[in-house]
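Since the structure comes first, as structure tokens, the remarks are kept for the end.
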Amino acid sequence: MPYQTVNGVKLYYETFGKQLPGQVPILLVHGSTQTGASCWNKVAPLLTDDYYVVVPDCRGHGRSENPNQTYSFREISADLAALVRALGFEKAHVIGHSNGGNIAVVMLMEHPDLIQTCIPQAGNAWLTPELIERELRVFTPEYVLEHHPEWVREMVALHDPIHGDGYWKTLLRLTLKEIISEPNYTPEQMAEVNLPVLFIQGKNDGVNAHSRFAQLMARAVPFAEVWIPNDVGHNVHDEILRDWLATVRDFLARRGNPESEKLYRFRMETYPDDRAGDFDVRVGADGKPIGVVLTEERRNQALGVLRQSVTGDKIKVLITESTPWVILNRPVEDLRDQPTIHAERISQARMNESARVLEAGSAWTKIRLEHDGYIGWVHSDSLFYCAQAVATSYRAACNAIVSASLAEARNDRGLLVQKLVFATRVRLENGRVTLADGRQWMVCPEDFILLTDAPRPNAAGIALTLDLIRRFVGVPYLWGGRSPYGFDCSGLAGTFYAFMGVTLPRDADQQFMQGEVIETPEPGDLLFFGEPNQDGDIRISHVAISLGGDEFIHANGSDWGTSYNSFNPTSPIYREWLDINYRGARRFR
7 MPYQTVNGVK LYYETFGKQL PGQVPILLVH GSTQTGASCW NKVAPLLTDD YYVVVPDCRG
67 HGRSENPNQT YSFREISADL AALVRALGFE KAHVIGHSNG GNIAVVMLME HPDLIQTCIP
127 QAGNAWLTPE LIERELRVFT PEYVLEHHPE WVREMVALHD PIHGDGYWKT LLRLTLKEII
187 SEPNYTPEQM AEVNLPVLFI QGKNDGVNAH SRFAQLMARA VPFAEVWIPN DVGHNVHDEI
247 LRDWLATVRD FLARRGNPES EKLYRFRMET YPDDRAGDFD VRVGADGKPI GVVLTEERRN
307 QALGVLRQSV TGDKIKVLIT ESTPWVILNR PVEDLRDQPT IHAERISQAR MNESARVLEA
367 GSAWTKIRLE HDGYIGWVHS DSLFYCAQAV ATSYRAACNA IVSASLAEAR NDRGLLVQKL
427 VFATRVRLEN GRVTLADGRQ WMVCPEDFIL LTDAPRPNAA GIALTLDLIR RFVGVPYLWG
487 GRSPYGFDCS GLAGTFYAFM GVTLPRDADQ QFMQGEVIET PEPGDLLFFG EPNQDGDIRI
547 SHVAISLGGD EFIHANGSDW GTSYNSFNPT SPIYREWLDI NYRGARRFR
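In structure tokens form, the structure reads like this:
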């Protein structure tokens, strides 16, 4: 059986997988009163396809000695750091559960030179009065014997045959003494960490969830990630093993070597918003960059981060000169986040908007809309494929815009075939609209305005467009909606400005970041709202269109449609939430 003597203590450990040259191992750290095998027996064998895994019994646990009858996170951290080095490794991916998560945190803080990546699960970097009170109450031998006899039987089986009868009580008392005093780092100390860290905590973790340790630790550590799976308790790796493995493998693949970490940090600093499109690049086991980026410019940026030549990489560029162009050929087409009708509707495309094809399929196609950069899946038969020159010339030939709520379109027999939605740009000649694919429909010219006569975002144009937008009061709220069949808040705001020839970002928070800051809103200015989360951070989540003065119009979930509200507390359409969470106005021209 493998033992290694470090710091005067003989530690038992097991290994899984084959050791490869230059490979960084995974070190799995168990919780207090457990052993490496009892904690990680399901996990360790499943990591061996890609990693060499070391699973020790910590000092005083299982088959490892405890000559001084101690239990200390710092002492065990020093033991495990010495064990990794004694096995011939300079670094490790350290993953710890429960008090093993605390040990992982201490290793991160006290032995950073050993850490390649760190994944503390169900741990804490500091103490709270609530945690101390709980541990003093539930971690005594007397309480455990009365309330958790199965735990006692487990501890007796794991430890007493090696350390003597009744040792489980000693181990509990030693553990309790430590966990009410350590670890006790501050967020300011955690902010000095400069390593890849993933904090894991079940949303229903009875020990840690109430104090939100994982969220607050991730907030403190720069570039840290956090995973809080729903409907999961303390033992995430046991309760949802498949999801746990997928999450951990993904983290290690993205950030498990220094080059990949450079790329990750560049992405988070340059493209932090996933809506900006792909920048998913890491360095593989063969030392070559691999992944997906949106454009050739981003590929060059990735290679620049690595200071690598432009040959030898395996980076897929989604949009190149050969990427197909398409024009939407339906009045409204849902844009979904997955290729299924059951997936979330994230936006909509209107007829004649152009896009690039990122991934084509028989039923669903992934596109990137040209006007706002939004990426999602649409029905494949909603697209007309064409050359870039055709797409450009057709869009340039669109000379009118729908001013009616819905403009009826009929075939040559006079039968109604479609209804074109407000703010759709079309090619209109002699009472007919011509689609990019050559089809023609008869329409009523009064339902359109020529672009040469269309309103501009000035006082007169805004007044006219507001009159048109008022027609949508009572239209149902529709998440992702951009048409009179249903709007969401930013869809209504974007459609309002699109009618005046101004393209806005798709979502409210994006709009808030790009508009001109306005102190006193005038008609047509956009009003933004957002409430603080538990950490006091405010995320813009809603937008409305000012009517001037106190009143505004918006698509909202409270009325489940487009409606009016007011900032005036005496008004019958006043809503306190909107007043309290108003975050400012923006102007677009």
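Just add 6 to wherever you are in the sequence shown, counting from 1, and you've got our numbering. For glycine and all other residues, C-beta sits at the position ideal for the given N, C-alpha and C.
> Nearest-angstrom Cα distance between M223 and L341?
Replying inline: Cα-Cα distance, rounded: 36 Å.
> Which residue spans inside the segment 318-385 form an unbroken beta strand (DSSP E) run of at least 3?
Replying inline: With a minimum length of 3 residues, the continuous beta strand (DSSP E) runs that stay inside the segment 318-385 are 320-325, 331-334, 338-342, 351-356, 360-365, 370-375 and 381-385.
> In three-state terms, what does DSSP make of Y149?
Replying inline: Y149 carries a helical assignment under DSSP once its states are collapsed to helix, strand and coil.
> Is any beta-carbon of chain B found at less than 7 Å from that of M196?
Replying inline: No chain B is part of this structure, which consists of one protein chain only.
> Going by DSSP, which residues form a beta bridge with S572?
Replying inline: S572 is bridged to E557 and Y580.
>> So for P126, helix, strand or coil by DSSP?
In response: It is a strand residue.
> With 16 other CB atoms within 10 Å as the buried threshold, where does Y503 fall?
Replying inline: Classification for Y503: buried.
> Rounded to a whole number of angstroms, what is the C-alpha to C-alpha distance between I109 and R65?
Replying inline: Taken atom to atom, the span from the alpha-carbon of I109 to that of R65 is near 12 Å.
>> For P8 and L17, what's the separation of their Cα atoms in angstroms?
In response: When rounded, the distance between both Cα atoms is 9 Å.
> Which whole-angstrom value describes the C-beta separation of T398 and R362, a residue pair presumed to lie in contact below a C-beta threshold of 8 Å?
Replying inline: With 8 Å as the limit, T398 and R362 do not qualify as a contact, their Cβ atoms being about 13 Å apart.
> If we call anything under 7 Å between Cβ atoms a contact, is F257 one with L300?
Replying inline: Result no, Cβ atoms of F257 and L300 do not sit closer than 7 Å.
>> In this structure, how does DSSP classify F22 when only helix, strand and coil are distinguished?
In response: Note: F22 maps to strand in three-state DSSP.
>> Quick test of the definition: if touching needs 3 or more C-beta pairs under 8 Å, does the segment 178-188 touch the segment 132-147?
In response: Note that the segment 178-188 touches the segment 132-147; at least 3 beta-carbon pairs, one per stretch, sit closer than 8 Å.
> Helix or strand or just coil, what does DSSP make of M274?
Replying inline: Helix, per DSSP.
>> Does V427 come out as helix, strand or coil in the three-state DSSP assignment?
In response: Reduced to three states, the DSSP call for V427 is strand.
>> So, with DSSP's three-state summary, where would you put S217?
In response: DSSP places S217 in coil when its eight states are reduced to three.
>> Can you give me the C-alpha to C-alpha distance between A465 and A230, rounded to a whole angstrom?
In response: About 47 Å.
>> My output table needs one value for A224: the three-state DSSP class, helix, strand or coil.
In response: A224 falls in the helix class under three-state DSSP.
> Within 10 angstroms of its Cβ, does A514 collect 16 or more other Cβ (buried), or is it exposed?
Replying inline: So A514 ends up on the buried side.
>> On the criterion of 16 or more Cβ atoms from any shown chain inside 10 Å, does P155 qualify as buried, or is it exposed?
In response: Under this definition P155 is an exposed residue.
> Alpha carbon to alpha carbon, what distance is there between F594 and Q517?
Replying inline: The alpha-carbon separation between Q517 and F594 amounts to approximately 9 Å.
> Do you know offhand how far L375's Cα is from G367's?
Replying inline: Distance between the alpha carbons of L375 and G367: 17 Å.
>> Could you compute how far the alpha carbon of C45 sits from the alpha carbon of D494?
In response: Put simply, the backbone Cα of C45 is about 47 Å away from that of D494.
> Between V432, I475 and A43, which lies nearest to L456 when the distance is taken from Cα to Cα?
Replying inline: The shortest Cα separation from L456 among V432, I475 and A43 belongs to V432.
> Quick one: what's W447 bridged to in DSSP?
Replying inline: In the DSSP assignment, W447 forms a beta bridge with V439.
> So what's H103 in DSSP terms, helix, strand or just coil?
Replying inline: Here H103 sits in strand by DSSP.
> Would you report the Cα separation of D171 and V49, rounded to the nearest angstrom?
Replying inline: So the two alpha carbons sit approximately 30 Å from each other.
>> Quick check on H548: does DSSP put it in helix, strand or coil?
In response: The DSSP-derived three-state label of H548 is strand.
>> Our contact map puts I186 next to I125 with C-beta atoms below 8 Å; I'd like the distance itself, whole angstroms only.
In response: Not confirmed; about 25 Å, so no contact.
>> Let's see if you can read the secondary structure: which residues bound the alpha helix (DSSP H) around V90?
In response: Taken as a continuous stretch (DSSP letters only), the alpha helix (DSSP H) holding V90 covers F79 to A92.
> Does DSSP put N562 in a helix, in a strand, or in coil?
Replying inline: In the structure shown, N562 sits in a strand (DSSP, three-state: E or B).
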